[in-house]
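Novice: Counting with full-length UniProt numbering, you get residues 1 to 391 for the letters of the sequence shown.
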Amino acid sequence: MVPSSPTAGTAPLDRETLLQQARDRAGLSDFGDLWFLEPMDRYIEASNLEGALTPAGVASMTEVIVKGLVSRLRMVEDIKRHPEILDEKVEVAGIILGLPRTGSTIFQRLLASAPGMTGLRWFEAQNFAPFPGEERGNPVERRNYAKAMIDGWLQLAPELASIHPLDPEAPDEEILVLGQMFVSTMVEGMNFIPSFASWLNSYDQSRGHEDLKTILQYLQWQDPARRGAKWILKSPSNLPYVETAARAFPDALLIMTHRDPVETVPSYVSMQAALYKLSATVSDRQVSGFWFPRLAEWMHLFEAARERIGEDRFIDIDYREVGKDPMTQAQRVLSRIGVPVDDRLEAALTEFLAGNKREQRPMHDYSLERFGLDEDAIKSAFAAYRARYIS
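(1) Mind checking whether Ile215 and Val177 have CB atoms under 8 Å apart?
(2) Are the CB atoms of Ala197 and Pro168 within a distance shorter than 8 Å?
(3) Run through DSSP, which three-state label would Ile337 get?
(4) State the DSSP-derived secondary structure class of Gln360, mapped to helix, strand or coil.
(5) I need the DSSP call for Leu373, collapsed to helix, strand or coil.
(6) Three or more C-beta pairs closer than 8 Å, one from the stretch 71-89 and one from the stretch 134-141: is that the case here?
(7) So what's Pro171 in DSSP terms, helix, strand or just coil?
(8) Would you mind working out which of Thr257, Arg294, Ser267, Ala304 sits nearest Ile106, comparing C-alpha positions?
(9) Kindly give me the distance between the Cβ atoms of Ala273 and Gly57, rounded to whole angstroms, as I take these residues to be in contact under 8 Å.
(10) Identify every residue that forms a DSSP beta bridge with Leu233.
(11) Can you name the residues that DSSP bridges to Asp14?
(12) Quick check: Ile96 and Ile255, are their CB atoms within less than 8 Å of each other?
(13) With distances taken from CA atoms, which of Asp30, Trp199, Ile232 is nearest Asp78?
(14) Would you kindly check if the distance between the Cβ of Leu345 and the Cβ of residue 410 is under 8 Å?
(15) Per the DSSP calculation, Leu200 is bridged to which residue(s)?
(16) Taking buried to mean at least 16 other C-beta atoms within 10 Å of its own C-beta, is Pro340 buried or exposed?
(17) Give me the DSSP bridge partner(s) of Arg142.
(18) Pairing CB atoms from the stretch 180-194 with CB atoms from the stretch 34-51, are three or more of them under 8 Å?
(19) Out of curiosity, what's the CA-to-CA distance linking Ile65 and Pro55?
(20) Tell me the residue span of the beta strand (DSSP E) that contains Phe314.
(21) When the distance is taken between beta carbons, is Gln205 closer than 8 Å to Tyr241?
(22) On the DSSP bridge assignment, give the partners of Leu49 in chain order.
(23) Output needed for Arg358: all residues of its chain with C-beta closer than 6 Å, excluding positions within five of it in sequence on either side, in chain order.
(24) Along the chain, where does the alpha helix (DSSP H) containing Leu216 start, and where does it finish?
(25) Could you compute how far the alpha carbon of Asp342 sits from the alpha carbon of Ala348?
(26) Could you pull out every residue in the same chain whose Cβ sits closer than 7 Å to the Cβ of Ala305, ignoring the five residues on either side in sequence?
(27) Thinking Asn238 and Ala248 are a contact (beta carbons under 8 Å), I'd like their distance in whole angstroms, please.
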């Protein structure tokens, strides 16, 4: 059951107000193609009706939306001034997908650390356009903005430090960018909006991925050292909408990370409870009541899509094998995408692994009981998946 609106007494999100705030901040007015207004309207409607946003949450969501719109305004302007941005040749060599909490974050960062590889950095995902006066290739203020965001999150929800390794310089999920266009599960992950999640299942998200390709060109133009590098993308939200990502990047290897849902479901519900705490009043049981069936739905959508796409596009990576021998699992993927397995590669991967051990972060404490989850119910919901990949 959706709680009665705790947003009463606060200014609800309003499309025209948000657009005008972005215009005022950027000093610009051309958003380019306005296709994103439809999902934006759906998102705002759901947020105002069921988001359970606190006053601080309204302010936070406003900033998330406005900064994304500002980046869009600045990018459109930069492309007008520098049309060569659209000549950048971007090679997306791999896309990691899988249920959340399957080790995909550390695996993406491991792959991106290899010579000749790159990924979308967390600070870039927060503001993909340079700030005014920014020296090209030296985004000091954007890095500071991202660092301040992380500090604020950890002050409100310190448990996030044990759940997800937040690092402004590290590669992270492209849904952080797609969410600024209101076409990714990032928005349902930051805001409790079940009706929007249902609507998103039937919405054609391809326009978002077309813009994502332009944004990758834009980021590569900002940092010419990336030219010729292979991009590695990653997001669990690629799981239910894998065909959209596969069509957008037809040469990309689809890398599926696997871990038992008996572990991943409570772990992810715990993560979502921590994220919702930043902006909303949502109980643990509401979080699990939404996310357990939602994750099962993601998997069922994926299973049908994988058959249509074909096995030749996929490689499977077991969480347990990554834990035992991450080097070998990384080399399996890198050899498939044409990165030479040599001493230089091994040295880079070894250096990354030495600085990114799990024990260097606090342990993530989660349980089925806290969220009213039942192990047998999870096994039943993911029976086909567990039989194929886990057992």
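Quick reminder that beta carbons are idealized off the backbone N, C-alpha and C, glycines included.
Specialist: The relevant details are as follows:
(1) Using a Cβ distance threshold of 8 Å, Ile215 and Val177 count as a contacting pair.
(2) No, Cβ-Cβ distance for Pro168 and Ala197 is not below 8 Å.
(3) Here Ile337 sits in coil by DSSP.
(4) The predicted position of Gln360 is uncertain, since its pLDDT is 48 and thus under 50; a value taken from the coordinates is nonetheless stated next. For Gln360, the secondary structure class from DSSP, reduced to helix, strand or coil, is helix.
(5) Here Leu373 sits in coil by DSSP.
(6) No, the stretch 71-89 is not in contact with the stretch 134-141.
(7) Pro171 falls in the strand class under three-state DSSP.
(8) Across the set Thr257, Arg294, Ser267, Ala304, the C-alpha of Thr257 shows the shortest separation from the C-alpha of Ile106.
(9) About 14 Å separates the two Cβ atoms, so there is no contact after all.
(10) The partner list for Leu233 (beta bridge, DSSP) reads Ile95.
(11) According to DSSP, which records beta bridges pairwise, Asp14 is partnered with nothing at all.
(12) A contact, by the Cβ cut-off of 8 Å.
(13) Closest option to Asp78, Cα to Cα, is Asp30.
(14) Not covered by the structure: residue 410. The range shown for the chain is 1 to 391.
(15) Leu200 is not bridged by DSSP to any residue.
(16) It counts as exposed.
(17) Its beta-bridge partners do not exist; DSSP assigns none.
(18) Contact between the stretch 180-194 and the stretch 34-51 is present, with at least three C-beta pairs closer than 8 Å.
(19) The alpha-carbon atoms of Ile65 and Pro55 are separated by roughly 16 Å.
(20) 314-318 is the extent of the beta strand (DSSP E) around Phe314.
(21) Yes, the pair counts as a contact, with Cβ atoms nearer than the cut-off.
(22) Under the DSSP definition of a beta bridge, Leu49 lacks any partner.
(23) Its pLDDT being 49, under 50, Arg358 is placed unreliably in this model, and the value from its coordinates should be taken loosely. Once the five neighbours on either side are set aside, Arg358 has no close Cβ partner at all.
(24) Its alpha helix (DSSP H) spans residues 206-222.
(25) Going from the Cα of Asp342 to the Cα of Ala348 covers about 10 Å.
(26) Result list for Ala305: Val242, Glu243, in chain order.
(27) Contact doesn't hold; Cβ gap of about 10 Å is too wide.
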